[in-house]
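Student: In this text, residue positions in the sequence shown follow the working numbering: the first is 21, and each later residue adds one. Ideal placement from N, C-alpha and C gives every residue a C-beta, glycine not left out. Just dropping this structure here.
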Amino acid sequence: MHVAVIGAGLAGVCSAFELAAAGHQVTVVDRHAGVAAEGSFANGGLLAGAYTAAWQAPGLPTRPLAPVQAGGWGWQGLRPSVWSPWWRQRQHRRSPHMAASRSAMLALSRLSRARLDELTLRLGLAREHADGLLVLLRSERELAQMRAGLDWLGEQGVVHHCVDADGARAIEPGLSTEPGLHAALHFPGDAAANSRQFVHQLKTEAQALGVRWLFQHQLTGLSSGLGGGPLQLSLAESRDPVPAGRTGETVSSLSVDAVVLCAAQGAPALLQSLGVRLPAVVHSACSFTAPLRLEDGLLDPTPRAAILDQRQQISIARQGDRVRVAGSIRPGVQLGRPHPADMRRLYRALDDWFPGAAHTSRSLEWCGPRLAVADGLPVIGPSGVPGVWLNTAHGASGWTLACGAALQLASQIGQQAAPVDPAPFAMERLR
């Protein structure tokens, strides 16, 4: 089949590669001038399958109605379309479906990590990678709140360790003694890695398989052909927010057998125009990336792998000779320069845990969109409209799930047995 993939971020590039590897003709459409230009540009870099599954990190803030002074935004002025997904998330966390969602998330994250490792080895991809995730807990209460998830992980055979403050500093010697660190959870199977580096390399591999790229093109319309014929895509030339000139041909229409929606922005509106409602919310996350202070003869104050401040929900991840600090989610789409208050929280977190570890005056700041639904699982599979497929709404887990979600999607489109049960990720669950 000829398949159009809308969006050239993590989900889109991985989907294009898997579809091309399965023998399909693939065209990728993206409004930017290159891959990984929005939500995949500078995400937290965590491959956190165990943590994500156990605590169902949907990527929606856990305190959407908290006072602004406490780190939330307050409820005043928020439309129901903005705050209702958080309400559904709250209800889901208390429902019997939570256990099934956890199992589905763990299965998909395991598939994804296995596929990532396989592709890295088979294709000889370079990877800025560091094994291990350390979740920092500031009180006994925080530790108690994690107990049920830890028990569940033990039942699933996931290796993890609960350590005291001294044990945490044995794993991460650069951790400061100043913040009140009560305990930490260590997940040796989780990791930190550079997703943008991976996307660019996989794009090259996909191109070698014949994938066609239509950058600086935006999907403006989608209609089915008469009598169940090919889908007709209407495209318009777009101007990348970061000017880079034209990157190739200009195409105004495209006829394909199937379409896969991977882009976070625009997917709900496009589906709405086709009579399908995706109850999702778009929100923005931010990060900064700064070069580490690596000086010969001095004690290394830098992080070795990945750290998550559980209370602040801020991650600190090493990427080669740089560190990336990410978090601070806000409702709505915020592109370009992040909100100053959000960045202050991120800089403060790095300074609290790893003072003097990075040249923050030379940091690169970023803000990009995420799409999530209330149960925290991505939406993978048919949309309900013939020929239109979904691989979207990964929330904060896009990097963790990217390779597995793409493999799952390609299997379904090719009418092959899916690697994991498709039902928990199906659009039908949201109706």
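1) Using beta carbons (cut-off 9 Å, strictly below), is Thr240 in contact with chain D?
2) Compare the Cα-Cα distances from Arg158 to each of Asp137, Asp151, Leu205, Ala146 and report the closest residue.
3) Just curious, the alpha helix (DSSP H) that Pro288 is in, first and last residue?
4) Out of Cys34, Gly64, Leu239, which has the shortest C-alpha to C-alpha gap to Trp343?
5) Under 6 Å Cβ to Cβ from Asp372, same chain only, skipping five residues before and after it: list those, please.
6) Out of curiosity, what's the CA-to-CA distance linking Ala228 and Leu136?
7) Give the DSSP-derived three-state secondary structure of Glu198 in the structure shown.
8) For the beta strand (DSSP E) containing Cys182, list its first residue and its last residue.
9) Who are the near neighbours of Leu274 in its chain, counting only those whose CB is closer than 7 Å to its CB and skipping five residues on each side?
10) Within the continuous alpha helix (DSSP H) that includes Arg167, where are the two ends?
11) Counting pairs of beta carbons, one from the segment 299–318 and one from the segment 121–129, are three or more of them closer than 8 Å?
12) Below 8 Å on the Cβ atoms is my contact criterion, and I expect Ala278 with Met21 to pass it. Report the Cβ-Cβ distance as a whole number of Å.
13) Would DSSP call Arg350 helix, strand or coil?
14) Run the CB neighbour count on Arg122, radius 10 Å, all protein chains shown included, and call it buried at 16 or more, exposed below.
15) What residue range is occupied by the uninterrupted beta strand (DSSP E) comprising Cys306?
16) When the Cα atoms are used, what is the spatial distance from Val179 to Tyr71?
17) Is Ser443 helix, strand or coil by DSSP?
18) So, using beta-carbon positions, are Ala53 and Gln236 closer together than 9 Å?
19) From Leu170 to Val183, what does the alpha carbon distance come to, in whole angstroms?
20) Measure how close the beta-carbons of Thr420 and Ala68 come, nearest whole angstrom, since I'm counting them as under 8 Å.
21) Would you kindly work out how many angstroms separate the C-alpha atoms of Arg189 and Gln165, rounded to a whole number?
22) Identify every run of the beta strand (DSSP E) within the segment 331–416, keeping only runs that are complete inside it and at least 3 residues long; order them along the chain.
23) Determine the closest residue to Gly248 out of Leu384, Pro406, Gly434, with distance taken between C-alpha atoms.
24) Is His44 helix, strand or coil by DSSP?
25) Would you mind giving the Cβ-Cβ distance between Ala430 and Ala42, rounded to the nearest angstrom? I have them listed as a contact below 8 Å.
26) Helix, strand or coil for Phe207? Go by DSSP, reduced to three states.
27) Thinking just about the alpha-carbon of each residue, which of Ala283, Pro402, Leu195, Ala119 is nearest to the one in Gln435?
28) Can you tell me whether Arg364 is buried or exposed, with buried defined as 16 or more other CB within 10 angstroms of its CB?
29) Distance, Cα to Cα, Phe445 vs Ser258?
30) Over what stretch of residues does the alpha helix (DSSP H) that includes Ala150 continue unbroken?
31) Taking Leu201 as the reference, which of Ala310, Asp329, Cys34, Ala426 has the closest Cα?
32) State the start and end residues of the unbroken beta strand (DSSP E) segment that holds Arg216.
33) Below 8 Å on the Cβ atoms is my guess for Leu370 versus Ala377; work out the distance and round it to an integer in Å.
34) If we count the other Cβ atoms within 10 Å of its Cβ and call it buried at 16 or more, is Ala346 buried or exposed?
Tutor: For this structure:
1) Of the protein chains in the structure, only one exists, and it is not chain D.
2) Translated into the one-based positions of the sequence shown, residue 158 becomes position 138. Restricting attention to Asp137, Asp151, Leu205, Ala146, the CA atom closest to the CA of Arg158 is found in Leu205.
3) Start at 1 with the first residue of the sequence shown, and residue 288 comes out as number 268. Residues 287–293.
4) Locating residue 343 in the sequence shown gives position 323, where the first residue counts as 1. The identity of residue 343 in the sequence shown is Val, whereas the question assumes Trp. Ranking the options by Cα distance to Val343, first place goes to Gly64.
5) The residue you call residue 372 lines up with position 352 of the sequence shown. Same-chain partners within the cutoff: Pro199.
6) Indexing the sequence shown from 1 puts residue 228 at position 208. Indexing the sequence shown from 1 puts residue 136 at position 116. Answer to the nearest angstrom: the Cα atoms are 18 Å apart.
7) Your numbering for residue 198 matches position 178 in the sequence shown. Here DSSP, grouped into helix, strand and coil, assigns Glu198 to coil.
8) Taking the sequence shown and counting its residues from 1, the one referred to as residue 182 is at position 162. Per DSSP, Cys182 belongs to the beta strand (DSSP E) from 181–184.
9) The sequence position of residue 274 within the sequence shown is 254, counting from 1. Excluding sequence neighbours, Leu274 sits near Ala24, Thr47, Leu253, Leu255.
10) Start at 1 with the first residue of the sequence shown, and residue 167 comes out as number 147. Arg167 -> alpha helix (DSSP H) spans 160–175.
11) With the cut-off at 8 Å, the segment 299–318 and the segment 121–129 do not touch.
12) Within the sequence shown, numbered from 1, the residue matching residue 278 stands at position 258. Within the sequence shown, numbered from 1, the residue matching residue 21 stands at position 1. Going by Cβ atoms, the distance from Ala278 to Met21 rounds to 6 Å, so yes, they are a contact pair.
13) Within the sequence shown, residue 350 is the residue found at index 330, counting from 1. Correct three-state label for Arg350: strand.
14) Stepping through the sequence shown from its first residue, residue 122 is reached at position 102. Under this definition Arg122 is a buried residue.
15) Here the question's residue 306 lines up with position 286 in the sequence shown. Residues 300–311.
16) Here the question's residue 179 lines up with position 159 in the sequence shown. Here the question's residue 71 lines up with position 51 in the sequence shown. Distance between the alpha carbons of Val179 and Tyr71 is about 11 Å.
17) Numbered from its first residue, the sequence shown carries residue 443 at position 423. Before going on, a small fix: residue 443 reads as Ala here, not Ser. Assignment of Ala443 by DSSP, reduced to helix, strand and coil, places it in the helix class.
18) Translated into positions along the sequence shown, residue 53 becomes position 33. Translated into positions along the sequence shown, residue 236 becomes position 216. Yes, the pair counts as a contact, with Cβ atoms nearer than the cut-off.
19) Here residue 170 refers to the residue found at position 150 when the sequence shown is read from its first residue. Here residue 183 refers to the residue found at position 163 when the sequence shown is read from its first residue. Distance from the CA atom of Leu170 to the CA atom of Val183, rounded to whole angstroms, is 13 Å.
20) Counted from its first residue, the sequence shown places residue 420 at position 400. Counted from its first residue, the sequence shown places residue 68 at position 48. Correct: roughly 6 Å between the Cβ atoms.
21) On the sequence shown, position 169 is the one that residue 189 refers to. On the sequence shown, position 145 is the one that residue 165 refers to. Roughly 22 Å separates the two Cα atoms.
22) Entirely contained in the segment 331–416, the beta strand (DSSP E) runs reaching 3 residues are, in chain order, 334–339, 342–351, 384–393, 399–402, 408–412.
23) The residue given as residue 248 occupies position 228 in the sequence shown. The candidate whose alpha carbon is nearest that of Gly248 is Pro406.
24) Here residue 44 corresponds to residue number 24 of the sequence shown, with the count starting at 1. Looking at His44 - three-state DSSP - the assignment turns out to be coil, as it is neither helix nor strand.
25) For the purposes of this step, residue 430 is taken as residue 410 along the sequence shown, with counting starting at 1. For the purposes of this step, residue 42 is taken as residue 22 along the sequence shown, with counting starting at 1. About 5 Å; that satisfies the 8 Å criterion.
26) Start at 1 with the first residue of the sequence shown, and residue 207 comes out as number 187. Per DSSP, reduced to three states, the secondary structure at Phe207 is strand.
27) Residue mapping note: residue 435 aligns to position 415 of the sequence shown, counting from 1. Checking every option, the nearest Cα to that of Gln435 belongs to Pro402.
28) Numbered from 1 along the sequence shown, position 344 holds the residue referred to as residue 364. When all chains shown are included, Arg364 counts as exposed.
29) Within the sequence shown, residue 445 is the residue found at index 425, counting from 1. Within the sequence shown, residue 258 is the residue found at index 238, counting from 1. If you take the alpha carbons of Phe445 and Ser258, they lie about 32 Å apart.
30) In the sequence shown, the residue the question calls residue 150 occupies position 130. Not the alpha helix (DSSP H): Ala150 falls in the beta strand (DSSP E), residues 149–157.
31) The residue given as residue 201 occupies position 181 in the sequence shown. Of the listed residues, the one whose Cα sits closest to Leu201 is Asp329.
32) The count along the sequence shown starts at 1 and reaches residue 216 at position 196. Counting along the chain, Arg216 sits inside no beta strand (DSSP E); it lies in the alpha helix (DSSP H) bounded by residues 215–228.
33) Position 350 of the sequence shown, counted from the first residue, corresponds to residue 370. Position 357 of the sequence shown, counted from the first residue, corresponds to residue 377. Contact between Leu370 and Ala377 holds: their C-beta atoms lie close to 7 Å from each other, under 8 Å.
34) Against the sequence shown, residue 346 aligns to sequence position 326. Result: buried.
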